[in-house]
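In what follows, a single structure is set out as structure tokens and then discussed.
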DNA sequence: CTGCCATTTTACCGGC
DNA sequence: GCCGGTAAAATGGCAG
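Protein chains in written order, with my numbering: chain A, 1 to 83; chain B, 1 to 83; chain C, 1 to 83; chain D, 1 to 83.
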């Protein structure tokens, strides 16, 4: 196991800082998303309904991806994926 | 209120697509974070401990921010924030 | 799985009622808390500041707990927790 | 405004402690509720569905209360609330 | 009635 | 592959 004391300390610091940096980016994007919802609300959309519609689209996409993956599987099984 | 049927449809589509785009970015960053954790694990760190360290640092920062907010609040309550 | 129709109905009713009962207790306590804040306000305290102080104390406690958890984690990782 | 320094300090401490005490009780009850849900899950109920059912009952109760309040209003308007 | 804050719900991630 | 726990999001409630 990498011990906190020793050369690993630099590695640890590097990892932690990279993660924290990425976390900030993620937070920033979450803020952007909130802003877009607020904008929608400002022009008269119901935010909750907006969220529902997006969730639904995500689920549908997941289903479609599933279907596609299945199709790929069949194609592969039938040797249809080799150029 | 913006009605789903009618001219608002374009606005709605635009909002939804912008949000979905941002969501993808967010997911991508989440993936990057996962990768960094995986890298840490690969060089021998305990992922659970790593997370705990990061959580603690976040908590410490939150507390410092709160202290500051509290101070500002007291200043305000005592009228020390007016010019 | 326990089916809504059938003998499980009694179990279901019992669970739901117990939860609703507990929920009422919880609501009652929330009311008590509100009352104490109102009392504080009545004797001249700034409710917002009061809340902030309490939040800060909670945060400090959380941090202490986390420090301890982290220490335990390290001990465990180093095998210092086995009798 | 009540100043933190002075006799108010005791009042403040008292208020804070009473609130924290009540908060603990509230947390304890929340824990009890979680336990009941866990028990439901253990005997085969779907926790999410359980929550939905409870939310629905709460809404229905709110509606009924609304109706009752309205009825009282009418009664009052018609002088039916005097013995 | 608006914005803030807490609680609840949802989604994710590591472990078994 | 599922489950349990943990963090993020979202909904609801409250003070101002």
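We treat Cβ as the ideally placed atom computed from N, Cα and C, and that holds for glycine.
Given the structure is predicted, the values throughout are model-derived calculations rather than measurements.
Neighbours of residue 48 (chain C) in chain B, taken as residues at a C-beta separation under 9 Å, are given in chain order as 73, 77. For chain C, the residues of the region 12 to 37 of chain D that bring a beta carbon within less than 8 Å of one of its beta carbons are 12, 15, 16, 18, 19, 20, 22, 23, 25, 26, 29, 30, 32, 33, 36, 37, in chain order. For the pair residue 63 (chain C) and residue 50 (chain B), the CB atoms are not nearer than the 8 Å cut-off.
Restricting attention to beta strand (DSSP E) runs no shorter than 3 residues, the region 4 to 42 of chain C encloses none. In the structure shown, residue 48 (chain D) falls within a helical segment according to DSSP collapsed to helix, strand and coil. Per the coordinates, the alpha-carbon of residue 45 (chain A) lies some 41 Å from the alpha-carbon of residue 39 (chain D).
In this structure, residue 23 (chain B) and residue 33 (chain A) form a Cβ contact; the two beta carbons are roughly 7 Å apart against a cut-off of 8 Å.
Put simply, of C:35, C:53, C:36 the residue whose alpha carbon is nearest the alpha carbon of residue 74 (chain B) is C:53.
Under the three-state reduction of DSSP, residue 56 (chain C) is assigned to helix.
At least one CB of chain B lies nearer than 8 Å to the CB of residue 53 (chain C).
A straight-line Cα-Cα distance of about 21 Å links residue 15 (chain D) and residue 69 (chain B). Taking CB atoms only, residue 68 (chain C) has no neighbour in chain B less than 8 Å away.
Neighbours of residue 60 (chain C) in chain B, taken as residues whose beta carbon is under 8 Å from its own, are 63 in chain order.
The DSSP-derived three-state label of residue 78 (chain B) is coil. Contact annotation, residue 11 (chain A) with residue 36 (chain B): C-beta distance approximately 12 Å; criterion of less than 8 Å not satisfied. Taking residue 56 (chain B) as reference, the option from C:61, C:47, C:67, C:56 with the minimal CA-CA separation is C:67. Counting only the Cα atoms, residue 47 (chain C) lies some 22 Å from residue 26 (chain C).
Put simply, the backbone Cα of residue 71 (chain B) is about 15 Å away from that of residue 61 (chain B).
In this structure, the alpha-carbon of residue 21 (chain D) lies about 11 Å from that of residue 28 (chain D). Straight-line spacing of the CA atoms in residue 80 (chain D) and residue 18 (chain C) works out to 36 Å. Distance from the CA atom of residue 30 (chain A) to the CA atom of residue 13 (chain B), rounded to whole angstroms, is 20 Å.
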